[in-house]
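Okay, so here's the structure we're looking at.
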Amino acid sequence: MTAAGRRVWPITLALTALTLASAPTPAAAETYPGATVSRYLQPTATDSDRTAARKAGCAEGRKGTSGVRFLMVGTQERGGVLRHPGTTATHTSERVPTKHAASIATAWAAGFTQCRTGDARAELALTVNNKSDGGISGTAAGKQWASVVAKAAEADNDAVTITGGLDAEPSWSAPKWARAWANAFTEATDRALYAANSAEGCPEHGSDSTACANGWTLADVHHVSTGAAPTIRAIPQIYRTDGIQARQWAAVSSWGARNDAGPVRFAGAMSQHTACGQRGGCSATDNTPKAAWTQLFEELNSHDETAVSSLPTATDIRWP
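Written out as C-alpha cells, the structure is:
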C-alpha cells in the first residue's frame, strides 16, 4: 500500500494493554491462555440491552480471564441503524440506532470492572460485519463506526479498553467495500481494530493460488486483517475441526511476508463451540476454543515466515 492519500503513521504506536503476537521467533510451547467469551447480540434499543450487557460483563469479570472479547452487533444500514447478526436486508428484525451500541459497550465495561477478580483486563471489541446490503458505502460505514467506538471508549478504565471490531467475510461484500471500510475506520481513529475475519475460499499454505471466495484474494484478506493500518490485529475464525482454516490463515500471513506487506499480526483465535451447542447446524465446525487456538498456533509455527512467539487470546462466541 502506498502512502499517497493515506495517513503517515508514527514509528512508535501506543499499543493496547495486552501483549500482542509478533512474527519471527517461534515459541516451542506457549501455554493455552484460556478462553474469553464473545457474543452475538440482538439489541432492542431498550434498557434491557444495557442490563444484559452489564450482567455479561460481570460474569466475565468474575471469571478473571484477560484478553480480547467481541460484542458483535450486526450490519450497518443506511439511516444510522443496525440490523441483527445473521440476517439479510429483507429480514424483518428490529433495527436499532447505531449509536445505541456505544451504551451497550459502556454497560459491559461497568459490569466487568465491578465484578473482576484480581487484575484481569479486557479489551472489548465493539464489532460490526462487512455485509454490504445495508445501503451504505464501505467508506461511510467505517467512518461511522470509528465515531461509535470513540464514544464507547469514554468508558475506558484500568480494567477495560474498548476497541473497534470487524467481522469481514468474503461472501458478504466485494473486496472493495471491505477495504474501504477498513481504510476509513483506521484513518478516522488510532484506536485498535480487532479483525474476527474469515479466509473463506482461500488456498492453504504452500499453494500457488492467491484466489479466495467471491472475487477476493489473499491480498484483500490480508488488507482487512493487518495491511490497512498498524492498529489492526487479527483474531480469525478457526471453526473447522480438520484444521484447514488455520492452514488458510498461514497462507494469508505468508502472502504478506513474501510481498513486503508483513505477516498477519495475530492476537488470537476465535471458535464458535458454544454458539454451535446453542443453535446446532455445525458440521465439523465446532472446534473448542483450545482446539482452535492450538491449530492456529501450531500451523503458524510450522513455517519460518509466519511463526509467532505469542498468541495471547482464545475466544469462543455464543448467542447472546
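Residue numbers (mature numbering (1 follows the signal peptide of the UniProt record, and there is no 0)): -29 to -1, 1 to 291. Backbone N, C-alpha and C define an ideal beta-carbon position, used for all residues, glycine too.
- Per DSSP, G45 has no beta-bridge partner at all.
- Around the beta carbon of G177, fewer than 16 other beta carbons sit within 10 angstroms, so the residue counts as exposed.
- If you draw a 10 Å sphere on the C-beta of Q85, you find fewer than 16 other C-beta atoms in it, and that means exposed.
- Take P207, set aside five residues on each side of it, and the residues of its chain with a beta-carbon closer than 6 Å to its own are N168 and W220, in chain order.
- Residue pairing by DSSP places S242 opposite D287 in a beta bridge.
- For I133, the enclosing beta strand (DSSP E) covers residues V131 to D138.
- Taken in chain order, the complete beta strand (DSSP E) segments of 3 or more residues contained in the stretch 52 to 95 are 52 to 54.
- Within the DSSP secondary-structure output, Y11 pairs in a beta bridge with M43.
- Along the length of the stretch 174 to 198, whole alpha helix (DSSP H) runs at least 4 residues long occupy 189 to 193, reported in chain order.
- Distance from the CA of T265 to the CA of H244, rounded to the nearest whole angstrom, comes to 14 Å.
- Under the three-state reduction of DSSP output, R229 falls in the helix class.
- Between G239 and V39, the C-beta spacing is below 8 Å.
- Counting only the Cα atoms, C173 lies some 28 Å from G5.
- DSSP places L271 in the uninterrupted alpha helix (DSSP H) bounded by P260 to L271.
- Non-local beta-carbon contacts of A126 in its own chain, meaning distances under 8 Å to residues more than five positions away in sequence, involve A76, T77, A80, A81 and I133 in chain order.
- Taken atom to atom, the span from the alpha-carbon of R10 to that of A232 is near 31 Å.
- At least 8 Å separates the beta-carbon of V99 from that of L42.
- Here the C-alpha atom of L164 lies approximately 30 Å from the C-alpha atom of S254.
- Rounded to the nearest whole angstrom, the CA to CA distance from S280 to H274 is 12 Å.
- The Cβ neighbour count for H193, taken over all protein chains shown within 10 Å, is at least 16; the residue is labelled buried.
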